[in-house]
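Colleague:
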Amino acid sequence: IQNTGEKDSELDIVTTESHQAGQNSRRDDSSHTRHVRPHYGYSLMDYFLKYSLFLCNLMFTVLGLVVLGLGVWGLISKESFAQEKIKSIGTDPMLIFVTVGFVLTMLCLSGCVGVLRENCSLLKLFSAAVLVLITAQVLAAILAYSLQDQIGGYLRSGMLAAMVRYQDDLDLRFIVDEIQSNLQCCGADDYRDWEINIYYNCSAPGVLACGVPATCCVDPLENGTVWNSQCGVGAQILDEFTAQSVIFLGGCLGGISRWIERNEGLIGTIGIVVLGIQIVTLFISTRLLEMRALHGLPFPALPPEVKVHSSKAAHASPHVILFCRDNPSRSNMGKNKKNNAKESEKQADKAGKHPR
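In my numbering, the protein residues as written are 1 to 356.
Given below as structure tokens:
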């Protein structure tokens with residue numbers, strides 16, 4: 001009986017030690033895994049939004065650089081920065097390309113770098129700029145609809161200014177020729193508006209006096225093949241009945257108004273699509289800022305399905321990660337129970353008796 005009591009006491013000691021060893025092993029495992037963050041709570045949709053915004057900004061950055069390059073090249077090729085031409089650079093159409101290209105490049109570049117580097121300051125700047133741009137476009141559309149008469153006056157002033165510099169600026173000449181040939185019009189209000197140009201004025205000494213450009217002619221091709229640049233010579237002194245068989249009598253402002261009325265559906269669709277893209281871009285950038293503020297950490301390099309497989313691997317190399325879709329806590333608990341049972345059986349065998 002005494003020997004049996006001693007064996008029972010030894011068995012209790014062994015069982016207690018094995019239980020403590022199991023608890024210590026679980027503490028060690030939890031201490032190893034406590035310092036490892038399996039993921040930061042980002043979903044696959046967040047990854048998709050991030051890289052979609054990056055690619056979109058990258059594409060528009062390249063487009064902005066191309067537009068900016070074309071504008072600068074146009075200004076340099078025409079020597080617009082020369083002392084005698086610098087005063088009229090404000091009416092140069094290439095300046096529009098430079099302005100649009102510069103704004104587009106800086107805006108999209110800030111968004112591109114902000115998304116890629118997850119820089120909150122650049123993302124906030126990008127979001128604010130897109131919001132301002134959306135607001136400006138909405139206000140411009142409202143003003144354009146409500147102030148149609150004033151806008152017509154601005155178009156007339158711009159058309160007359162382009163006609164004054166028709167022979168001096170190749171870009172303005174190209175724009176005026178395209179408008180007159182495509183809309184089949186001549187001048188701003190009528191063909192007699194060309195008297196404002198010093199070369200087509202009736203008091204001019206040259207051969208172009210009292211004439212109009214060839215793009216005002218009904219048939220500018222001689223014999224259907226050769227471009228006749230002198231077809232509009234002397235057209236201003238003709239009466240309307242005779243002139244209508246040679247040149248277009250109507251002005252281009254009326255042609256522009258009719259073109260807008262015919263294509264107002266297409267113009268509205270394009271405007272809505274562009275505005276929708278900007279709204280989606282603003283939503284994505286705001287979403288990324290909210291996720292960054294919520295988690296306080298950058299996006300991990302791998303999707304959120306990535307988790308640490310074992311505490312030993314995490315302890316040996318904290319950068320080693322494996323794909324595992326199961327619940328790591330449950331699997332570790334099962335492994336700990338099996339290990340504790342095996343250790344208790346081994347210690348009981350050494351003591352000479354299995355546990356009860």
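Glycine is no exception: its CB is placed at the ideal position from the N, C-alpha and C atoms.
Out of L65, S77, I134, which has the shortest C-alpha to C-alpha gap to V100?
Modeller: When each option's Cα is compared against that of V100, the closest is L65.
Colleague: What would DSSP say about C231, mapped onto helix, strand or coil?
Modeller: Coil, per DSSP.
Colleague: Would you mind reading off the limits of the alpha helix (DSSP H) that contains V132?
Modeller: Element bounds for V132: 120-146.
Colleague: Note down, in chain order, each residue of its chain lying with its Cβ closer than 7 Å to the Cβ of M133, except the 5 sequence neighbours on either side.
Modeller: Reading the sequence as shown, one finds Leu at residue 133 and not Met. Taken in chain order, the residues that qualify are Q278.
Colleague: Can you give me the start and stop residues for the alpha helix (DSSP H) that S257 sits inside?
Modeller: Residues 252-262.
Colleague: Quick one: is V246 buried, meaning 16 or more other Cβ sit within 10 Å of its Cβ, or exposed?
Modeller: Buried: at least 16 other Cβ atoms inside 10 Å.
Colleague: From the beta carbon of D92, is the nearest beta carbon of chain D less than 7 Å away?
Modeller: No chain D appears in this structure, which consists of one protein chain only.
Colleague: How is the alpha helix (DSSP H) around F48 delimited, first residue to last?
Modeller: Unbroken alpha helix (DSSP H) run through F48: 44-77.
Colleague: Would you check if there are 3 or more beta carbon pairs closer than 8 Å linking the region 188-201 to the region 261-276?
Modeller: Not touching, per the Cβ criterion.
Colleague: With E240 as the anchor, note down where its alpha helix (DSSP H) starts and where it stops.
Modeller: Here the alpha helix (DSSP H) through E240 covers 240-243.
Colleague: Can you have a look at L147 and say buried or exposed, based on whether 16 or more other CB atoms are within 10 angstroms of its CB?
Modeller: That one is exposed.
Colleague: Just the Cα atoms here: how many angstroms apart are L172 and V164?
Modeller: Using only the alpha carbons, I get a separation of about 10 Å.
Colleague: What does the Cβ neighbour count give for E210, buried or exposed, with the cut at 16 atoms within 10 Å?
Modeller: The residue asked about is misnamed: residue 210 is Cys in this sequence, not Glu. Answer is buried; the Cβ neighbour count reaches 16.
Colleague: In chain order, what residues of the same chain have a beta carbon less than 8 Å from the beta carbon of V98, not counting five sequence neighbours either side?
Modeller: For V98, where only same-chain residues beyond five positions count, the Cβ hits under 8 Å are L68, G71, V72, L75.
Colleague: Kindly confirm or deny that the region 100-120 and the region 44-57 touch, where touching means at least three C-beta pairs closer than 8 Å.
Modeller: Enough Cβ pairs lie closer than 8 Å, so yes.
Colleague: Could you check the C-alpha separation between D168 and G206 for me, to the nearest Å?
Modeller: In a straight line, the C-alpha of D168 is about 16 Å away from that of G206.
Colleague: So, with DSSP's three-state summary, where would you put C216?
Modeller: Reduced to three states, the DSSP call for C216 is helix.
Colleague: Quick check on the DSSP output: the alpha helix (DSSP H) that includes R173 runs from which residue to which?
Modeller: Element bounds for R173: 170-183.
Colleague: With distances taken Cα to Cα, identify the nearest neighbour of A204 among D219, E178, G234.
Modeller: Ranking the options by Cα distance to A204, first place goes to G234.
Colleague: Suppose you measure from the CA of Y51 to the CA of V115; what does that come to, to the nearest Å?
Modeller: Distance between the alpha carbons of Y51 and V115: 8 Å.
Colleague: Using the Cα positions of G232 and L104, report the straight-line distance between them to the nearest angstrom.
Modeller: Their Cα atoms are separated by approximately 42 Å.
Colleague: Specify, as a first and last residue, the run of the alpha helix (DSSP H) that C202 falls within.
Modeller: Note, C202: premise wrong, no alpha helix (DSSP H); not H, not E.
Colleague: Within 10 Å of its beta-carbon, does M291 have 16 or more other beta-carbons around it, so buried, or fewer, so exposed?
Modeller: M291 comes out buried.
Colleague: Specify the secondary structure class of V113 as computed by DSSP and reduced to three states.
Modeller: Looking at V113 - three-state DSSP - the assignment turns out to be helix.
Colleague: Using DSSP bridges, identify the partner residues of I247.
Modeller: DSSP output for I247 lists C217 as bridge partner(s).
Colleague: If the criterion is Cβ atoms closer than 7 Å, does the pair Y391 and V176 meet it?
Modeller: Examination of residue 391 is not possible in this model, given that the chain is present from 1 through 356 alone.
Colleague: Using 8 Å for Cβ pairs, my map puts G271 next to G187. What's the rounded Cβ distance?
Modeller: Going by Cβ atoms, the distance from G271 to G187 rounds to 29 Å, so no, they are not a contact pair.
Colleague: Should Q184 be labelled buried (16 or more other beta-carbon atoms within 10 Å of its own) or exposed?
Modeller: Exposed is the call here.
Colleague: To the nearest angstrom, how far is it from the Cα of A161 to the Cα of M45?
Modeller: Looking at the two C-alpha atoms, the distance is approximately 52 Å.
Colleague: In the structure shown, what three-state DSSP assignment does V320 receive?
Modeller: For V320, the predicted structure reports a pLDDT of 36, less than 50, and the residue's modelled location is therefore unreliable. A value from the coordinates is still provided. Coil, per DSSP.
Colleague: Hey, would you say Q180 sits closer than 7 Å to T215, going by beta carbons?
Modeller: Cβ distance < 7 Å, so Q180 and T215 count as in contact.
Colleague: Go through its chain and collect everything with a Cβ distance to N201's Cβ below 7 Å, but skip five positions before and after it.
Modeller: The answer, listed in chain order, is E195, A209.
Colleague: Spatial neighbours of C217 within its chain, please: CB distance less than 6 Å, with the 5 preceding and 5 following residues excluded, ordered by chain position.
Modeller: Hits under 6 Å: C231, G232, I247.
Colleague: In angstroms, rounded to a whole number, what distance separates the CA positions of L123 and M106?
Modeller: Spanning the two alpha carbons is a distance of roughly 13 Å.
Colleague: So what does DSSP say about D149, is it helix, strand or coil?
Modeller: In this structure, D149 counts as helix in the three-state DSSP scheme.
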